[in-house]
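Here the structure comes first, spelled out in structure tokens, and everything after it is commentary.
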Amino acid sequence: MKQTITVGLLGLGTVGSGVIEILRDHQESIQHKTGCEVTIKSVLVSDLSKSRDLPTGSTTLTDQYEDITRDPEIDVIVEVMGGIDHTLTILLEAIEHGKHIVTANKDLIAQHGSELFEACQKRDCDLYYEASVAGGIPIIRSIMDGLSSDRIRKMMGIVNGTTNYIMTKMSQDGADFDSILKEAQDLGFAEADPTADVDGLDAARKMTILSILGFSMPFNLEDVEVKGIRGLSLSDIKYAEELGYRIKLIGIAENDDSGVSVSVEPALLPSTHPLASVNDEFNAVYVYGDAVGETMFYGPGAGKLPTATAVVSDLIAVLKNIRLGTTGTAYVQPQFPKQVKPKTEQLSKKYIRLHVLDQAGMLNKITQIFAQYDISFDQIIQRQSDNEEERELMMVTHKVSEEDFEKARQELEQLPSIRHIDSIFRVEGGD
Numbered sequence: 114m115k116q117t118i119t120v121g122l123l124g125l126g127t128v129g130s131g132v133i134e135i136l137r138d139h140q141e142s143i144q145h146k147t148g149c150e151v152t153i154k155s156v157l158v159s160d161l162s163k164s165r166d167l168p169t170g171s172t173t174l175t176d177q178y179e180d181i182t183r184d185p186e187i188d189v190i191v192e193v194m195g196g197i198d199h200t201l202t203i204l205l206e207a208i209e210h211g212k213h214i215v216t217a218n219k220d221l222i223a224q225h226g227s228e229l230f231e232a233c234q235k236r237d238c239d240l241y242y243e244a245s246v247a248g249g250i251p252i253i254r255s256i257m258d259g260l261s262s263d264r265i266r267k268m269m270g271i272v273n274g275t276t277n278y279i280m281t282k283m284s285q286d287g288a289d290f291d292s293i294l295k296e297a298q299d300l301g302f303a304e305a306d307p308t309a310d311v312d313g314l315d316a317a318r319k320m321t322i323l324s325i326l327g328f329s330m331p332f333n334l335e336d337v338e339v340k341g342i343r344g345l346s347l348s349d350i351k352y353a354e355e356l357g358y359r360i361k362l363i364g365i366a367e368n369d370d371s372g373v374s375v376s377v378e379p380a381l382l383p384s385t386h387p388l389a390s391v392n393d394e395f396n397a398v399y400v401y402g403d404a405v406g407e408t409m410f411y412g413p414g415a416g417k418l419p420t421a422t423a424v425v426s427d428l429i430a431v432l433k434n435i436r437l438g439t440t441g442t443a444y445v446q447p448q449f450p451k452q453v454k455p456k457t458e459q460l461s462k463k464y465i466r467l468h469v470l471d472q473a474g475m476l477n478k479i480t481q482i483f484a485q486y487d488i489s490f491d492q493i494i495q496r497q498s499d500n501e502e503e504r505e506l507m508m509v510t511h512k513v514s515e516e517d518f519e520k521a522r523q524e525l526e527q528l529p530s531i532r533h534i535d536s537i538f539r540v541e542g543g544d
């Protein structure tokens, strides 16, 4: 039985240095839990000449990935460098050489997870990816193990810290989207190119992973309806609060007898909902199960040590499997064929804000259009617009199908009294 497990680390950025720090500081505890010592033999970096403050001891730095993937002494590859195509090539080669994989790469898992798992099964290798969703929150392990005896009906979560930070500051400080985005970039909460975050793509990749695990169906990124927060206005945040809601970028995955729907979109949450109070860069995932009822997992969604903690936890799982001789057995193929819920069965409340001409009978014409599709209203607010000839309307419907609401929206746009539809958001809570 092996007394020492040797690791090759791909990437020495924020998370990579955190992994080294945790392994260095917690070595005694890890050895007690796993029965073996962990050493990092080699680290892949892009620039060998770069000055590095983090001491690596006897660890070797290399800019050639083959030095790690083909090294017979290395047992486990920890991938924290990001990227998709080139990283996939490296990991497939590592698996071919019998290496177990721990990764924090949500993009790779969401797009090529099935290919990696298939390769791992052929070689009896492990593949763990807890850090790919919600940073330090153990949501993947909770779904796979803690809730494995239950049938999950719905998962709803704030899974992108950048957008949550932006929306929190817009609400609290009354500043507009562009100024808060720049502040988030200056503080390191947002990338120089924030597209993946603010357009919802990052959250969509995470919801793809959670949907595969939670519903045991082979979903992919194209199955997720995505709408980001670009263009979100302070007016909507203010009116939502007046109506008793808070706006958050929410990933929502639902499963019932008519199929599964997965989306990422700004949504109005009742101010009393636990997710409504999740602020700044924090993440949270709400899980509804037939047996357990409602559970929520909350914590830091990113950051050096929280993410590195999830990575090292996966590494410990691999170490235990190596010691027990059970590697390559953790992955289970999806049990059910993919069943996407049709638009006619996707039901939710809707918030719509629009500017209309201030004319007699205007509201009646609008409600008549909605009535054609059996759409009724939970709340309606009228405000005088900055333009004296216009009124601003904010309406929250009762539950309506996506198909019927879209038909009503298209008819609204044809009304001469409608100047423009400003925003449409999903509303969670109530009928």
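Going letter by letter, the sequence shown gives residues 114 to 544 in this note's numbering.
Note that the Cβ used here is the ideal one computed from N, Cα and C, for glycine as well.
Integer-rounded CB distance, given that residue j should sit under 8 Å from residue i
| i | j | result |
| --- | --- | --- |
| Met280 | Lys361 | 6 Å |
| Ile322 | Ala223 | 6 Å |
| Asp291 | Leu347 | Not quite, the Cβ-Cβ distance comes to about 11 Å (not below 8 Å), so this is no contact. |
| Leu136 | Val425 | 6 Å |
| Leu123 | Glu192 | 4 Å |
| Gly249 | Ile181 | Gly249 to Ile181, Cβ: 26 Å. No contact. |
| Ala247 | Thr275 | Wrong, their Cβ atoms sit about 13 Å apart, outside the cutoff. |
Other residues of its chain near residue i: CB distance less than 6 Å, five sequence neighbours each side excluded
| i | result |
| --- | --- |
| Phe518 | Lys463 |
| Phe328 | Asn368 and Val373 |
| Ser530 | Val469, Leu470, Gln472 and Met475 |
| Glu394 | Gly274, Tyr278 and Phe302 |
| Pro251 | none |
| Arg264 | Asp403 |
| Thr510 | Lys462, Lys463, Ile488 and Phe490 |
Among the options, nearest to residue i - alpha-carbon criterion
| i | options | result |
| --- | --- | --- |
| Lys512 | Ser489, Gln497 and Glu378 | Ser489 |
| Pro379 | Gly313, Gln285 and Ile493 | Gly313 |
| Asp237 | Gly441, Ala288, Ser171 and Lys319 | Gly441 |
| Ser461 | Leu381, Asn477, Glu335 and Gln523 | Leu381 |
| Asn434 | Leu201, Leu123, Leu240 and Thr216 | Leu240 |
| Gly474 | Ser498, Glu335 and Leu528 | Leu528 |
| Tyr399 | Ile208, Gly248 and Ile363 | Ile363 |
| Leu428 | Ile253, Lys235 and Val215 | Val215 |
| Ser159 | Tyr242, Gln140 and His199 | His199 |
| Val64 | His139, Gly131, Pro331 and Ile482 | For the chain, the structure presents residues 114 to 544; residue 64 sits outside this window and is missing. |
| Leu506 | Ile493, Glu179 and Glu516 | Ile493 |
| Gln116 | Tyr278, Gln452 and Val151 | Val151 |
| Met508 | Ser514, Ala232, Ile208 and Arg539 | Arg539 |
| Thr308 | Gly344, Ser262 and Gln448 | Gly344 |
| Gly287 | Glu304, Asp349 and Glu335 | Asp349 |
| Arg266 | Thr510, Ile537, Val405 and Asp310 | Val405 |
| Ala353 | Asn333, Gly416, Asp306 and Ser284 | Ser284 |
| Val132 | Leu418, Met268 and Gln452 | Leu418 |
| Pro450 | Asn333, Leu205, Glu304 and Asp138 | Asn333 |
| Pro447 | Ser227, Ile253, Gly438 and Ser262 | Ser227 |
| Glu355 | Arg496, Lys146 and Ala415 | Arg496 |
8 Å Cβ cutoff met for residue i and residue j
| i | j | result |
| --- | --- | --- |
| Ser324 | Glu458 | no |
| Asp535 | Leu470 | no |
| Gly270 | Asn396 | yes |
| Leu157 | Met257 | no |
| Met320 | Val272 | yes |
| Lys163 | Val189 | no |
| Thr173 | Ser155 | yes |
| Arg532 | Glu501 | no |
| Ile203 | Tyr178 | yes |
| Tyr358 | Pro383 | yes |
| Ser245 | Ala217 | yes |
| Glu515 | Lys456 | yes |
| Val391 | Tyr411 | yes |
| Ile537 | Ile465 | yes |
| Leu161 | Asp176 | yes |
| Val311 | Leu300 | no |
Nonlocal neighbours in the same chain, by C-beta distance under 7 Å from residue i, ignoring five residues either side
| i | result |
| --- | --- |
| Gly148 | Arg436 |
| Leu201 | Leu221 and His225 |
| Val337 | Ala317, Met320, Thr321, Val375, Ser376 and Val377 |
| Glu186 | Thr119 and Lys154 |
| Ile482 | Ala521, Glu524 and Leu525 |
| Phe230 | Leu240 and Tyr444 |
| Ile197 | Asp220, Leu221 and Gln224 |
| Lys454 | Ser371, Gly372, Val373 and Ser374 |
| Gln144 | Glu150 |
| Gln234 | Gly441 and Tyr444 |
Distance cut-off 7 Å: residue i Cβ against heavy atoms of the ligand NAP
| i | result |
| --- | --- |
| Lys267 | The model depicted lacks the ligand NAP and carries no ligand whatsoever. |
Own chain partners of residue i with C-beta closer than 8 Å, once the 5 adjacent residues on each side are dropped
| i | result |
| --- | --- |
| Tyr486 | Val513, Asp517, Phe518, Lys520 and Ala521 |
| Met409 | Pro387, Leu388, Ala397, Val398, Tyr399 and Val400 |
Query raised in the report: Which runs of the beta strand (DSSP E) fall wholly inside the region 323–377 and span at least 3 residues, in chain order?
Result: 337–339 and 358–369
Query - Continuous alpha helix (DSSP H) assignments of at least 4 residues falling wholly in the region 444–532 - result: Here the runs fully enclosed are 475–485 and 515–527.
Query - Complete alpha helix (DSSP H) runs within the region 155–194 (minimum length 4 residues, chain order) - result: 179–182
Query - Contained alpha helix (DSSP H) runs [length at least 4] in the region 269–317, N- to C-terminal order - result: 274–286, 290–300 and 308–311
Requested in this report: Would you list, in sequence order, the uninterrupted beta strand (DSSP E) runs of no fewer than 3 residues that lie entirely inside the region 409–439?
Outcome: none
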